[in-house]
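Trainee: First residue of the sequence shown: 1248, per this note's numbering; consecutive thereafter. Backbone N, C-alpha and C define an ideal beta-carbon position, used for all residues, glycine too. Quick one: this structure, given as structure tokens, is what I'll be asking you about.
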Amino acid sequence: MDSYGKFMELAMNPKETGAYLRQSIFYFKDKVNDLPKQLEKMDELSHLPGFRHDAKLIEETAVNTDTGVVDAYQHMAPMVDTITYMQWLYKQCREKGCRFVQDEIHGLLRDQAEDLKGNTKLS
1248 MDSYGKFMEL AMNPKETGAY LRQSIFYFKD KVNDLPKQLE KMDELSHLPG FRHDAKLIEE
1308 TAVNTDTGVV DAYQHMAPMV DTITYMQWLY KQCREKGCRF VQDEIHGLLR DQAEDLKGNT
1368 KLS
């Protein structure tokens, strides 16, 4: 959850960073308490801002009950506007002295990674 905290921080300035928070809702056709893997995941997320486990979310968000959903939970989730975030990230890297190299790679990157590191002085 380290990245969650960082994106929460970045979301404090969404126009500059492109990071923002939105309510994310998960719906289930069985009670989450009866689904061990989903229950484990929900428990991991239960400390996040805006967390709420409540079947009333189905009605509140106007989900058609004919779909068979009977349970739901929500929490705040960080998201990014890719263009704004990449521009912000590029600027951050430039300010830290990063040098960008553009070239082509032919074949699988994993087969060439060590050679590429040597050619570009990466460690």
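Quick one: grab the DSSP three-state call for Leu1286.
Mentor: Of the three classes helix, strand and coil, the one that applies to Leu1286 here is helix, per DSSP.
Trainee: Assuming Leu1193 and Ala1324 form a contact by the criterion Cβ under 8 Å, report the distance between their Cβ atoms to the nearest whole angstrom.
Mentor: Nothing about residue 1193 can be read from this structure; the chain reaches only from 1248 to 1370.
Trainee: Can you tell me whether DSSP reads Phe1275 as helix, strand or coil?
Mentor: Residue state, collapsed to three classes: strand.
Trainee: May I ask you to list the residues that DSSP assigns as paired with Pro1296?
Mentor: Beta-bridge pairing links Pro1296 to no other residue.
Trainee: By Cβ distance below 6 Å, which residues in the same chain neighbour Pro1296 in space, the five residues on each side in sequence not counted?
Mentor: Correct list, in chain order: Met1323.
Trainee: Can you find at least 3 beta carbon pairs, one from the segment 1287-1294 and one from the segment 1339-1349, that sit closer than 8 Å?
Mentor: No, the segment 1287-1294 does not touch the segment 1339-1349.
Trainee: If you run the structure through DSSP and keep just helix, strand and coil, what is Ala1258?
Mentor: Ala1258: coil per DSSP, three-state reduction.
Trainee: Around the C-beta of Thr1264, are 16 or more other C-beta atoms found within 10 angstroms, so that it is buried, or is it exposed?
Mentor: Buried.
Trainee: Would you list the residues sitting across from Tyr1267 in a DSSP beta bridge?
Mentor: Paired residues: Met1326.
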